[in-house]
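S.K.:
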């Protein structure tokens, strides 16, 4: 069943449409918005090969003028040099303030397109058509855009909201299974931090580890509840001055694990999965939640086919050092998001280096 | 007399303090705001040589931790490569989300610092200490930040408001006289588009062409009325979807003249001066205002020592082509801001290429 989720952000509010098999109606959706004539589609060659014709055909039918900019797939292209190439294309095609940049792709394409749209002519229209599960449930909601600095992920960017997000779950048929599972890490995250009911439905379900085996209605529910959870949080705190930080659950340690393995061993969702298990262990050692709750979380993560263990070759001192350079550091203190029960978390900067060391040692044992 | 101007922009509102001889109190001002511990000063070597010690001393006294990043002076450094170097410094000094970037300099430093602050960690605190007249009356108000693309000025950037602006007019003592006059172009602009009273006071005054000769009270009045005019306009339309466009009076043709002379023959204010005269001539040929009003404008521009004539070697077809690539183009139509009387302008895209050609030919005759 189709659903529309409204992300309430004052004058930056926008709709997310979840519409199964309706990618070919993107043009109709966009013609209802006040957008200019020109749309620059930004995508990568593989995804564009799958869905480019459908999107362009629909946009042409709706009367838009369309041009395209492709970026090779991969996190290694998520940098300022790629953004500069988008600017060059925007100039060549005379993209104006009333024009639109449309991201057709996963999180990397969405983050880069958003930052390019935020910074071209000081901000033009931005539309998201996410094609990965991770992008659907996370990157497409809430306006975080940006690129990596050679020394760290997402250090450069902007908060910039799209005008519209179109999610067609059937495009997940072409998503590699490893990427599908990575997206499920964020879904589980919403269960732990916000929606215990979602968590329980996932616990009760089978075949969570691939698009091909997952029940279609369950997938719809996952998309809707995840987007709703993120929209709820982001609406309260667009620029992450408070509660929005809970969305970083699992990400602080996850980023450290990804970074220390040079972003080669784990994709983002896998880092988050390991980070959630470690955050759960920290919470347990601080008596914030029980080992039973930690076990439930770990079991669900395993059921979707995600890793739960930190690579033993990582040194604790390297992890601690990497945490210190995280964006979320305030006055030198690392802030952690720790679960207090399934569906609820707290924010704290009272986690000592000693406690982290002990938890990592226990996890490695 | 000191004055404070409030720029009303909802949760992005901020104060501009005009405080003669009080640069050394910048630390006290900032300690009243909710800023983090660290401040990264961004400046150029010459300005930093004049005022760096004063600012750093004041910030240290107020308890801030200070680091510095210098950029060579000149528009040719206003590019993404310079922004990347700011990011590198920000990383080296562990600039956090609660930290502040402080622009100590003219418009180039302010625009770049603002864009770096807007895009580092998706946005950190930004404070402006403008040291040129142009930056005081224009660049420091309203949140336009950015850098140039090799093909055009200010094509890359963001709307990003400072937390505070501190204007100490006495720093203008070290400003080259040509730059002082360039700033006066924007002051005259406010007279023409918004504040006929300011225009008339300038007409009645003498010694407008340098800081050394200008009456101190008149300078205070100029700063206050100009900042107030811009604050009035920007408060109504932060992101330039409507009335804010009137601030581009003189800029559309001015940018074309600057661009076609490769930004070597004219500084920005000189381009604006020429652009205002041409816009006045267009208005006159469309019977929007009188030749008497056009003459008053030209005389005032001459009185501050600014050029009024387009270089005769520029080809009309090149000017028309350059206008087409301007940021302000909408659906291929160039929007002009045209005066209807001293103190009032209108926005129109109904200026034909033929009319522009005729006006340029008459101006060259």
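Protein chains in written order, with this note's numbering: chain R, 1 to 365; chain G, 1001 to 1365.
In this text, a Cβ means the ideal position worked out from N, Cα and C, and glycines have one as well.
(1) Assuming the contact rule is C-beta atoms closer than 8 Å, residue 1259/G and residue 1322/G should be a hit. Round their C-beta distance to whole Å, please.
(2) Quick one, which of 226/R, 118/R, 243/R, 104/R has its alpha-carbon nearest residue 347/R's?
(3) Which whole-angstrom value describes the C-beta separation of residue 339/R and residue 280/R, a residue pair presumed to lie in contact below a C-beta threshold of 8 Å?
(4) Any heavy atom of the ligand MG closer than 7 Å to the beta-carbon of residue 188/R?
(5) At a Cβ cut of 9 Å, what residues of the region 1280-1297 of chain G count as close to chain R, listed as they run along the chain?
(6) Would you please state the rounded distance, in angstroms, between the beta carbons of residue 1049/G and residue 1024/G? I believe it to be under 8 Å.
(7) What does residue 1015/G pair with, by DSSP beta-bridge criteria?
(8) By the criterion of Cβ-Cβ separation under 9 Å, what are the contact partners of residue 1321/G in chain R?
(9) Could you please give the first and the last residue of the uninterrupted beta strand (DSSP E) stretch that includes residue 1136/G?
(10) Can you confirm whether residue 156/R, when its beta carbon is compared against all beta carbons of chain G, has any partner nearer than 8 Å?
(11) If contacts are defined as beta-carbon pairs under 8 Å, then residue 14/R and residue 137/R qualify, I think. What distance do you get, rounded to the angstrom?
(12) On the DSSP bridge list, what partners appear for residue 248/R?
(13) Could you give the distance in angstroms between the alpha-carbon of residue 107/R and the alpha-carbon of residue 324/R?
(14) To be precise: take each residue of the region 1109-1123 of chain G, compare its Cβ to all Cβ atoms of chain R, and keep it if any distance is under 7 Å. Which residues remain?
(15) Under 8 Å between C-beta atoms, does residue 1087/G make it to chain R?
(16) Note down the Cα distance separating residue 1199/G from residue 17/R, rounded to an integer number of angstroms.
(17) Work out the CA separation of residue 1139/G and residue 1267/G for me, nearest whole Å.
(18) Which residue comes first and which comes last in the beta strand (DSSP E) that contains residue 121/R?
(19) Against residue 23/R, what residues of chain G qualify as contacts under a CB-to-CB distance less than 8 Å, listed in chain order?
(20) Which residues, in chain order, does the region 130-145 of chain R contribute to contact with chain G at a C-beta distance below 7 Å?
(21) Assuming residue 112/R contacts residue 156/R under a Cβ cut-off of 8 Å, what Cβ separation, rounded to an integer in Å, is found between them?
(22) List, in order along the chain, the chain G residues whose C-beta lies closer than 8 Å to that of residue 317/R?
(23) Given this structure, state the Cα-to-Cα distance separating residue 1307/G from residue 1261/G, to the nearest angstrom.
(24) Determine the direct distance from the alpha carbon of residue 1037/G to that of residue 250/R, and round the result to whole angstroms.
(25) If you draw a straight line from the alpha carbon of residue 363/R to that of residue 1145/G, how long is it in whole angstroms?
(26) Per DSSP, which one or two residues make a beta bridge with residue 1043/G?
(27) Are residue 160/R and residue 142/R touching if we call contact CB-CB under 8 Å?
(28) Can you tell me which of the three DSSP states residue 1064/G falls into?
(29) Return no unless some Cβ of chain R is closer than 8 Å to the Cβ of residue 1159/G.
(30) Taking residue 178/R as the reference, give the member of 210/R, 169/R, 194/R with the closest Cα.
(31) Pop quiz: residue 275/R and residue 257/R are said to be a contact at Cβ under 8 Å. What is the actual Cβ separation, rounded to whole angstroms?
(32) So is residue 1344/G buried or exposed if we call it buried at 16+ other beta carbons inside 10 Å?
(33) For residue 1072/G, which option in 1064/G, 1081/G, 1066/G, 1009/G has the closest C-alpha, if you only look at C-alpha atoms?
(34) Do we get a CB-CB distance below 8 Å when we pair residue 239/R with the residues of chain G?
(35) Thinking C-beta only, is residue 132/R closer than 8 Å to residue 175/R?
(36) Residues in the region 31-54 of chain R with C-beta within 8 Å of chain G's C-beta atoms, listed in sequence order?
M.R.: In brief:
(1) 6 Å
(2) 243/R
(3) 6 Å
(4) This structure lacks the ligand MG; in fact it carries no ligand of any kind.
(5) none
(6) That belief does not hold up - the Cβ atoms of residue 1049/G and residue 1024/G are roughly 16 Å apart, past 8 Å.
(7) 1006/G, 1164/G
(8) Here the premise fails: no neighbours, minimum Cβ distance about 12 Å.
(9) No beta strand (DSSP E) contains residue 1136/G, which DSSP labels as neither H nor E.
(10) yes
(11) Not really, about 16 Å apart at Cβ, beyond 8 Å.
(12) Beta-bridge pairing links residue 248/R to no other residue.
(13) 25 Å
(14) 1118, 1119, 1120, 1121, 1122, 1123
(15) yes
(16) 53 Å
(17) 15 Å
(18) First-last for residue 121/R: undefined, no H or E at that position.
(19) Here the premise fails: no neighbours, minimum Cβ distance about 28 Å.
(20) 144
(21) Wrong, their Cβ atoms sit about 11 Å apart, outside the cutoff.
(22) The contacting residues do not exist; residue 317/R stays about 18 Å from chain G at best.
(23) 14 Å
(24) 27 Å
(25) 47 Å
(26) 1070/G, 1104/G
(27) no
(28) coil
(29) yes
(30) 210/R
(31) 7 Å
(32) exposed
(33) 1081/G
(34) yes
(35) yes
(36) 36, 37
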